[in-house]
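Participant:
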Amino acid sequence: MKREDFYRKCGSLLRSVMHRRASVASACLGMKNPKPYYAILHGVVRNYAYLEEMLRGRGCIVLSSAELAGARRSMLARGPPQKTFIRVNTLKCTSASDLDLNIIQTAVPDVFELAEKFDHRCPLYNEGMYFVQNLSSCIPAFVLGPPQNSVVMDTCAAPGNKTTHLSAIMKNTGRVYAVERSRGRFATLQSMVGKSGATNVVPINSDFLKLDPEDFGDVEYALVDPSCSGSGIHRVYERDDARLRDLQNVQVRIITKLAQFRNLRRFVYSTCSVHTEENEDVVAKVLETCKDFELGVIGDFWSTRGDTKYHFSENVIRSYPDSSLGTIGFFASLFVRKQAQ
Numbered sequence: 001m002k003r004e005d006f007y008r009k010c011g012s013l014l015r016s017v018m019h020r021r022a023s024v025a026s027a028c029l030g031m032k033n034p035k036p037y038y039a040i041l042h043g044v045v046r047n048y049a050y051l052e053e054m055l056r057g058r059g060c061i062v063l064s065s066a067e068l069a070g071a072r073r074s075m076l077a078r079g080p081p082q083k084t085f086i087r088v089n090t091l092k093c094t095s096a097s098d099l100d101l102n103i104i105q106t107a108v109p110d111v112f113e114l115a116e117k118f119d120h121r122c123p124l125y126n127e128g129m130y131f132v133q134n135l136s137s138c139i140p141a142f143v144l145g146p147p148q149n150s151v152v153m154d155t156c157a158a159p160g161n162k163t164t165h166l167s168a169i170m171k172n173t174g175r176v177y178a179v180e181r182s183r184g185r186f187a188t189l190q191s192m193v194g195k196s197g198a199t200n201v202v203p204i205n206s207d208f209l210k211l212d213p214e215d216f217g218d219v220e221y222a223l224v225d226p227s228c229s230g231s232g233i234h235r236v237y238e239r240d241d242a243r244l245r246d247l248q249n250v251q252v253r254i255i256t257k258l259a260q261f262r263n264l265r266r267f268v269y270s271t272c273s274v275h276t277e278e279n280e281d282v283v284a285k286v287l288e289t290c291k292d293f294e295l296g297v298i299g300d301f302w303s304t305r306g307d308t309k310y311h312f313s314e315n316v317i318r319s320y321p322d323s324s325l326g327t328i329g330f331f332a333s334l335f336v337r338k339q340a341q
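Numbering-wise (UniProt numbering), the sequence shown opens with residue 1 and increments by one.
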């Protein structure tokens, strides 16, 4: 790509960030090589005040500085917990000791706290021997626990962390349908699947709600980790009740559609939200409308349970943003078809 084309594209991506249509990270997801785009956007947003001052009086015009300031605040408000976790990719790495990293085992198999500074230049990381993935987001695939040679559907699959985790749990056997409606995010999903070495994943670029359940009569297990408010990963968050209602509606629709898959035995519903509207309220609606399913038992590997205002609070799990634990805000529930127990 010519240099001028690269910077023109950076400008287009920056416009999306400035108008709050995307975060810096998500704006770069669909690019073939996102790293240089991320570096430019991150630098501009973080240093906009200096750049604005430098350019003024030199025949240059700085557009929408207020919007850029908002984008910067949004970016700074969203930050990773102080701890870094890695998931060993057992499709390529047989033992965590092979990584030669200073790591601490967590409650989730093959997931470790990294007790040293993460180096994105590490060859083993770039070869897909391990992935950086928050401990909380490794819970859904672990709780679902599909056996080898089973058939699984990841209904909202990009960027692919949970898809590739499922593949690893199944030891690259059976089949994982990975559904993603966004073309840009679908490209990211494909890239991550390729990097992981997963050969049992079937990527599908489609809206899950438009799929015909009769075309997937072989699906036995599923993971639903849909779009949500992201309130569990933002340090500063402004609640929007109207948006929460819209999100809840889509979340319930996805699960209701999934329940129509005739051979579905069990599924996990999870979010990176702290709101009951997207978590316990969704579970309550599903239990009311999908009579063939009930909540399954989630093991005691995780002590924090759901909101005690709900009678099923002990059957769902939560995590909260906590820099000492390194966790993000998260929620997970397990549904089991009644006659399948």
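Every residue gets a Cβ at the ideal spot worked out from N, C-alpha and C, and that includes glycine. Bear in mind the structure is a predicted one, so any value in this text is a computation, not a measurement.
Counting Cβ pairs closer than 8 Å, one from the region 285-296 and one from the region 147-167, do we hit at least three?
Facilitator: The region 285-296 is not in contact with the region 147-167.
Participant: Check the DSSP bridge columns for Ile317 and list the partner residues they point to.
Facilitator: Beta-bridge pairing links Ile317 to Arg305, Ala332.
Participant: Check each candidate in Ser319, Val274, Phe261 and name the one with the smallest Cα separation from Val336.
Facilitator: Taking only the C-alpha atoms, the option nearest Val336 is Phe261.
Participant: Which residues mark the beginning and the end of the beta strand (DSSP E) in which Glu294 is found?
Facilitator: Run containing Glu294: 293-295, per the beta strand (DSSP E) assignment.
Participant: For Asp207, which residues from the same chain have a beta carbon less than 6 Å from its beta carbon, with the 5 sequence-adjacent residues on both sides left out?
Facilitator: Cβ neighbours of Asp207 beyond the five flanking positions: Arg181.
Participant: How about Met170 and Pro203: do their beta carbons lie closer than 8 Å?
Facilitator: Result no, Cβ atoms of Met170 and Pro203 do not sit closer than 8 Å.
Participant: Residues in its own chain within less than 6 Å of Val286 by CB, not counting five upstream and five downstream?
Facilitator: Only Ile255 meet the Cβ criterion.
Participant: Could you say which of Gly184, Met153, Arg15, Arg3 lies nearest to Val268 if we only look at CA atoms?
Facilitator: When each option's Cα is compared against that of Val268, the closest is Met153.
Participant: Do Thr271 and Glu278 come within 8 Å of each other at the CB atom, strictly closer than that value?
Facilitator: Contact: yes.
Participant: So the beta strand (DSSP E) Met129 belongs to, where does it begin and stop?
Facilitator: Taken as a continuous stretch (DSSP letters only), Met129 belongs to no beta strand (DSSP E), as it is neither H nor E.
Participant: Give the single residue among Asp240, Thr173, Val219, Cys156 whose Cα lies nearest to the Cα of Asn205.
Facilitator: Out of Asp240, Thr173, Val219, Cys156, Cys156 has the C-alpha closest to the C-alpha of Asn205.
Participant: What's the call for Ser64, buried or exposed, on a 16-neighbour Cβ count within 10 Å?
Facilitator: Here the model assigns Ser64 a pLDDT of 49, short of 50, so the residue's position is not dependable and the matter cannot be decided.
Participant: Below 8 Å between beta carbons: does that hold for Tyr130 and Asn172?
Facilitator: No, the pair does not count as a contact, with Cβ atoms beyond the cut-off.
Participant: Do Glu220 and Ser150 have their CB atoms nearer than 8 Å?
Facilitator: Yes. Within cutoff.
Participant: If we call anything under 8 Å between Cβ atoms a contact, is Leu223 one with Pro140?
Facilitator: Yes, the pair counts as a contact, with Cβ atoms nearer than the cut-off.
Participant: For Pro226, count neighbouring Cβ atoms within 10 angstroms of its own Cβ and tell me buried if that reaches 16, exposed if not.
Facilitator: Flag for Pro226 reads buried.
Participant: Please report the distance separating the alpha-carbon of Ala187 from that of Ala158.
Facilitator: Approximately 9 Å between the Cα atoms of the pair.
Participant: Look up Gln148 in the DSSP assignment and say whether it is helix, strand or coil.
Facilitator: Looking at Gln148 - three-state DSSP - the assignment turns out to be coil, as it is neither helix nor strand.
Participant: Please check the pair Phe301 and Arg318, which I expect to be a contact at CB under 8 Å, by giving their CB distance rounded to whole angstroms.
Facilitator: About 14 Å; that fails the 8 Å criterion.
Participant: Provide the residue(s) that pair with Met153 in DSSP beta bridges, ordered along the chain.
Facilitator: In the DSSP output, where bridge partners are listed per residue, Met153 has Tyr177, Ala222.
Participant: I need the boundaries of the beta strand (DSSP E) containing Arg87, first residue and last residue.
Facilitator: Unbroken beta strand (DSSP E) run through Arg87: 84-88.
Participant: Between Arg87 and Cys138, which are expected to be in contact by the criterion C-beta below 8 Å, what is the C-beta distance as a whole number of angstroms?
Facilitator: The Cβ separation is near 6 Å, so the contact holds.
Participant: Roughly how many whole angstroms lie between the Cα atoms of Gly128 and Arg253?
Facilitator: Distance between the alpha carbons of Gly128 and Arg253: 34 Å.
Participant: Quick one: what does DSSP say residue 342 is sitting in, helix, strand or coil?
Facilitator: With the chain represented from 1 up to 341, any question about residue 342 goes unanswered, as that position is not in the structure.
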